[in-house]
Amino acid sequence: MHCTGRGPVVAASCGPQRFVQLHFADTKARARAARSQMSLASLFRDLPLTRVQRRGQVDGCRGLHSLPPPVNPHTVLARRTRHRPVCVHSVDSTRPRGPPHNLSPTTPSHHTPTTLTSLTSYNHASRSIRTRPLPSTCTAMSSYLPSFRRAPSAPVDDAPLSSLPACELTPLTRLEAALHADIFAPTSTLLHPGDPWRALAPPNRRALALRFLRFHLLQEAAALEHARRVAAWRAADRPWERPLKAMAGPAAGLPVLPLHAPGRNGDVLVYSAARAYIRAQVNHAAQEEAVKTFFESTFYAQGAQTGLSAVVVLDFHGMSMSNVDLVGTKNGIRIFADFYPDVFSKVLVVNYARWLHGTWKCIAQLLDARTVRKVMFLSDTNQMREELSKSFAKADIPRWLGGDAGDGALQLYCGATIDPDEVAKTMQAKS
Numbered sequence: 001m002h003c004t005g006r007g008p009v010v011a012a013s014c015g016p017q018r019f020v021q022l023h024f025a026d027t028k029a030r031a032r033a034a035r036s037q038m039s040l041a042s043l044f045r046d047l048p049l050t051r052v053q054r055r056g057q058v059d060g061c062r063g064l065h066s067l068p069p070p071v072n073p074h075t076v077l078a079r080r081t082r083h084r085p086v087c088v089h090s091v092d093s094t095r096p097r098g099p100p101h102n103l104s105p106t107t108p109s110h111h112t113p114t115t116l117t118s119l120t121s122y123n124h125a126s127r128s129i130r131t132r133p134l135p136s137t138c139t140a141m142s143s144y145l146p147s148f149r150r151a152p153s154a155p156v157d158d159a160p161l162s163s164l165p166a167c168e169l170t171p172l173t174r175l176e177a178a179l180h181a182d183i184f185a186p187t188s189t190l191l192h193p194g195d196p197w198r199a200l201a202p203p204n205r206r207a208l209a210l211r212f213l214r215f216h217l218l219q220e221a222a223a224l225e226h227a228r229r230v231a232a233w234r235a236a237d238r239p240w241e242r243p244l245k246a247m248a249g250p251a252a253g254l255p256v257l258p259l260h261a262p263g264r265n266g267d268v269l270v271y272s273a274a275r276a277y278i279r280a281q282v283n284h285a286a287q288e289e290a291v292k293t294f295f296e297s298t299f300y301a302q303g304a305q306t307g308l309s310a311v312v313v314l315d316f317h318g319m320s321m322s323n324v325d326l327v328g329t330k331n332g333i334r335i336f337a338d339f340y341p342d343v344f345s346k347v348l349v350v351n352y353a354r355w356l357h358g359t360w361k362c363i364a365q366l367l368d369a370r371t372v373r374k375v376m377f378l379s380d381t382n383q384m385r386e387e388l389s390k391s392f393a394k395a396d397i398p399r400w401l402g403g404d405a406g407d408g409a410l411q412l413y414c415g416a417t418i419d420p421d422e423v424a425k426t427m428q429a430k431s
């Protein structure tokens, strides 16, 4: 195709008479198209076009070539620029037509949910067509993402282990008795003899039972079954035998660092710098081993100051797309939910961009409501200090996070070194 310029808008319809209507951005582009000897009809003859639901109405197409009127009123819009091929989204033709009935009054009618089933792309250079079916997950999510409306919920403030309400204390007592009989009893063969679970102190063992119970929203049977599965996995996998050096190095991909001793409620303060995560250097198999080792050393290691749970500070200052790893995120969520449920009491997100907050709103749809409410996006340093003060004394919070504890070079597990003064400046800039 000899037509260049800023790119045409292609509009076509399915029917016995297939046609292409081109609207060029300027007069020069239209003149070049008129001089072209290539038949546009033959160029797009084999392009499998179907109708797609559009947002709003198409503006009046002035200056179109004289072509037969459309047979099918449902058209397909695709925009081709100089460096990007035409992309046509196929949709499910079995969906009923007409105005939507499940949208809120504030949702415009042109935001009708559309179920995408395939993606067809046309390469103008090679004149080749490629049709790829979308995964079932994308097909299902596309039906509600356009009408996505979610009000932010209040964060979770769990009661400490020493002052549990009756609604948690009663089922926790019954679950502890069941766990002792099935897992922790000396005669039980479910746990490996060398498993650190057997040597957990009473507060840590009770916190373990409470994590399973809260993860399953106080459903004792589900919590007990989950604990049994984890105990069987631990006996087969033996995660406590992994050396601590499994967390070190860029291949492990752990830009995190535990800070100081547990707080007043048994929480461990964990700092993570997203800019230190280099996706190109990460080995996902090694990363899974590193994540398990981190959880083991933080909560179950023998002879160490283990925490009952963790408060995580996620610092997204200086983050770029090279730091985004969807596979690593998915693996981390799976390990957390399957083997170490509810170990995070709170996740504080600071120095974040707007697009990151929007991405989280989509990811939140895949998580349970309790986990979603633990993630807090904080806009300034004062909010972060207020949240940290609920779990830690000021003497246990580093100075660069608003506390009084001493500074020092931050050597993350991935090998990167973070300057405390730089972190403090980014925090102050948001205050």
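Heads up: the sequence shown begins at 1 in UniProt numbering, then just goes up one per residue.
Just so it is clear, CB atoms sit at the ideal spot from N, CA and C, and this is done for glycine as well.
Inset, instruction - Tell me whether the beta-carbon of residue 323 lies closer than 8 Å to the beta-carbon of residue 277. - result: Within the sequence shown, the letter at position 323 stands for residue 323. Within the sequence shown, the letter at position 277 stands for residue 277. Yes. Within cutoff.
Inset, instruction - Use the C-beta contact count for residue 402: other C-beta atoms within 10 angstroms, 16 or more gives buried, fewer gives exposed. - result: Within the sequence shown, the letter at position 402 stands for residue 402. Per the 10 Å Cβ criterion, buried.
Legend entry - Own chain, CB closer than 7 Å to residue 419, minus 5 neighbours either side, in chain order: Your numbering for residue 419 matches position 419 in the sequence shown. So no residue of the chain qualifies.
Legend entry - Contact under 8 Å by Cβ, residue 387 with residue 346: In the sequence shown, counting from the first residue as 1, residue 387 sits at position 387. In the sequence shown, counting from the first residue as 1, residue 346 sits at position 346. Yes, the pair counts as a contact, with Cβ atoms nearer than the cut-off.
Inset, instruction - Return the CA-CA distance between residue 158 and residue 225, expressed in angstroms with no decimal places. - result: To locate residue 158, count along the sequence shown from 1; it is residue 158. To locate residue 225, count along the sequence shown from 1; it is residue 225. Straight-line Cα distance between these residues: approximately 23 Å.
Inset, instruction - Let me know if residue 206 comes out buried or exposed under the rule of 16 or more other beta-carbons within 10 Å of its beta-carbon. - result: Working through the sequence shown from its first residue, we reach residue 206 at position 206. Label assigned to residue 206: buried.
Legend entry - Continuous beta strand (DSSP E) stretch holding residue 310: start and end: To locate residue 310, count along the sequence shown from 1; it is residue 310. Run containing residue 310: 309-315, per the beta strand (DSSP E) assignment.
Inset, instruction - Could you have a look at residue 270 and say whether DSSP puts it in helix, strand or coil? - result: The residue labelled residue 270 in the question sits at position 270 within the sequence shown. If DSSP states are grouped into helix, strand and coil, residue 270 belongs with the strands.
Inset, instruction - Measure the C-alpha to C-alpha separation of residue 174 and residue 181 and round it to an integer number of angstroms. - result: If you number the sequence shown from 1, residue 174 lands on position 174. If you number the sequence shown from 1, residue 181 lands on position 181. About 11 Å.
Legend entry - Same chain, Cβ closer than 8 Å to residue 399, five either side skipped, listed in chain order: Within the sequence shown, residue 399 is the residue found at index 399, counting from 1. Only 405, 406, 407, 420 and 424 meet the Cβ criterion.
Legend entry - Proximity of residue 268 and residue 258 at Cβ, strictly below 8 Å: Stepping through the sequence shown from its first residue, residue 268 is reached at position 268. Stepping through the sequence shown from its first residue, residue 258 is reached at position 258. Yes, the pair counts as a contact, with Cβ atoms nearer than the cut-off.
Legend entry - Pair within 8 Å by beta-carbon distance, residue 266 and residue 161: Within the sequence shown, residue 266 is the residue found at index 266, counting from 1. Within the sequence shown, residue 161 is the residue found at index 161, counting from 1. Cβ atoms of residue 266 and residue 161: closer than 8 Å.
Inset, instruction - Run the CB neighbour count on residue 374, radius 10 Å, all protein chains shown included, and call it buried at 16 or more, exposed below. - result: If you number the sequence shown from 1, residue 374 lands on position 374. The residue in question, residue 374, is buried, as its Cβ has 16 or more Cβ neighbours within 10 Å.
Inset, instruction - Measure the Cβ-Cβ separation of residue 343 and residue 377 and say whether it is below 8 Å. - result: In the sequence shown, the residue the question calls residue 343 occupies position 343. In the sequence shown, the residue the question calls residue 377 occupies position 377. For residue 343 and residue 377, no; Cβs fall outside 8 Å.
Legend entry - Length at least 3, wholly inside the segment 354-405: the beta strand (DSSP E) runs in chain order: 375-377
Inset, instruction - Within 10 angstroms of the Cβ of residue 264, are there 16 or more other Cβ atoms? Answer buried if so, exposed if not. - result: Looking up residue 264 in the sequence shown gives position 264. Result: exposed.
Legend entry - Buried or exposed by the 16-neighbour rule on C-beta atoms within 10 Å, applied to residue 366: Locating residue 366 in the sequence shown gives position 366, counting from the first residue. Exposed is the call here.
Inset, instruction - Keeping to the same chain, check which residues put their C-beta closer than 6 Å to that of residue 335; ignore five residues upstream and five downstream. - result: The residue labelled residue 335 in the question sits at position 335 within the sequence shown. Correct list, in chain order: 291.
Legend entry - Distance between residue 341 and residue 283 (C-alpha atoms, nearest Å): As a working note, residue 283 is residue 283 in the sequence shown. As a working note, residue 341 is residue 341 in the sequence shown. The alpha-carbon atoms of residue 283 and residue 341 are separated by roughly 24 Å.
Inset, instruction - Would you mind reading off the limits of the beta strand (DSSP E) that contains residue 172? - result: Your numbering for residue 172 matches position 172 in the sequence shown. First-last for residue 172: 166-179, but that is the alpha helix (DSSP H), not the beta strand (DSSP E).
Inset, instruction - Compare the C-alpha of residue 168 against each of 185, 183, 214 and 243 and name the closest. - result: Translated into positions along the sequence shown, residue 168 becomes position 168. Considering only alpha carbons, the answer is 214.
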